[in-house]
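What follows is a short report on a single structure.
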Amino acid sequence: MIKVIPQRIVTTLCLLPLQIRISPVAANLHLTPTNLRAMASFDSIPSVEIDPQGTYKYILIKLYEKNVTNEDGSEKFKYLVRGNARGEFHGDIYDAFVATLPKTLDTECVGGGRIKHNPDEKKILVYGYSQGFGKADHSISKQVLAEKYTGYTIDWSDEGY
1 MIKVIPQRIV
11 TTLCLLPLQI
21 RISPVAANLH
31 LTPTNLRAMA
41 SFDSIPSVEI
51 DPQGTYKYIL
61 IKLYEKNVTN
71 EDGSEKFKYL
81 VRGNARGEFH
91 GDIYDAFVAT
101 LPKTLDTECV
111 GGGRIKHNPD
121 EKKILVYGYS
131 QGFGKADHSI
141 SKQVLAEKYT
151 GYTIDWSDEG
161 Y
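For the sequence shown, UniProt numbering gives the first residue as 1, with consecutive numbering after it.
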């Protein structure tokens, strides 16, 4: 939606679950998904982005806000789960995600595995490991997934690849 106000252009961009308000907008600004994500803040990055169904590789990421600490002096971070069937390797998923981040954020891939997502039965199984990043702490991945997939049965196992 674009609202024209005298001497200014104000644009509201809606991205689920993110809304960014930009004012003024340069006439030649190309609003691509990569550019929009680069404008994103730490709190606006979704904790979970996985394919809607199937079995595929996933990674557990620690997202840090550079030069920001909690009240106790510890680094401010949150865990993210990213998974899809497009990446041949866990590193492909990580590289694609990192390429979209603004320079104010930093990441660490703390492991990976596989996800079996069955939306018809409302079940997610987290298991296995990544040869490149090692095994993620699947109990943390389960907690992160449970925030988005309420009403699902989410299990994890250290077995399998």
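Using N, Cα and C, we set each Cβ at its ideal position, and we do this for glycine too.
So, are the CB atoms of residue i and residue j less than 8 Å apart?
| i | j | result |
| --- | --- | --- |
| Ile50 | Tyr94 | no |
| Gly87 | Lys66 | no |
| Ile115 | Gly83 | yes |
| Ala85 | Gly132 | no |
| Val81 | Ser141 | yes |
| Ile61 | Thr107 | yes |
| Ile124 | Tyr79 | no |
Check residue i in the structure and name its three-state DSSP category.
| i | result |
| --- | --- |
| Lys103 | coil |
| Ser130 | strand |
| Phe77 | strand |
| Lys122 | coil |
| Ile93 | helix |
| Ile140 | helix |
| Arg158 | Strictly speaking, residue 158 in this sequence is Asp, with Arg absent from that position. If DSSP states are grouped into helix, strand and coil, Asp158 belongs with coil. |
| Glu88 | coil |
| Glu147 | helix |
| Met1 | Low per-residue confidence applies at Met1: pLDDT is 47, beneath 50, and the placement is therefore not dependable enough to give any value. |
Throw me the rounded Cβ distance for the residue i and residue j pair, which I believe falls under 8 Å.
| i | j | result |
| --- | --- | --- |
| Gly160 | Tyr127 | 5 Å |
Closer than 8 Å by C-beta to residue i: which residues in its own chain qualify, once you throw out the five before and the five after it? Chain order, please.
| i | result |
| --- | --- |
| Lys135 | Gly111, Gly112, Gly113, Gly128, Tyr129, Asp158 |
| Leu105 | Phe42, Ile45, Leu63, Tyr64, Glu65, Lys66 |
| Pro52 | His117, Pro119 |
| Phe77 | Lys62, Leu63, Tyr64, Glu65 |
| Val144 | Ser47, Val48, Leu60, Tyr79, Leu80, Val81 |
Kindly list the residues whose CB is nearer than 7 Å to the CB of residue i, restricted to its own chain and excluding five residues on each side of it in sequence; keep chain order.
| i | result |
| --- | --- |
| Glu75 | Tyr64, Thr69 |
| Lys122 | Gly151, Tyr152, Thr153 |
| Phe89 | Gly132 |
Within the same chain, show all residues whose beta-carbon is closer than 6 Å to that of residue i, passing over the 5 residues directly before and after it, in chain order.
| i | result |
| --- | --- |
| Trp156 | Val126, His138, Lys142 |
| Phe97 | Arg82 |
| Lys109 | A quick correction: the sequence has Cys, not Lys, at residue 109. So the list reads Ile59, Ile61, Tyr94, Phe133, once near-sequence residues are dropped. |
Any contact between the stretch 146-159 and the stretch 90-105? By contact I mean 3 or more CB pairs, one from each, below 8 Å. no
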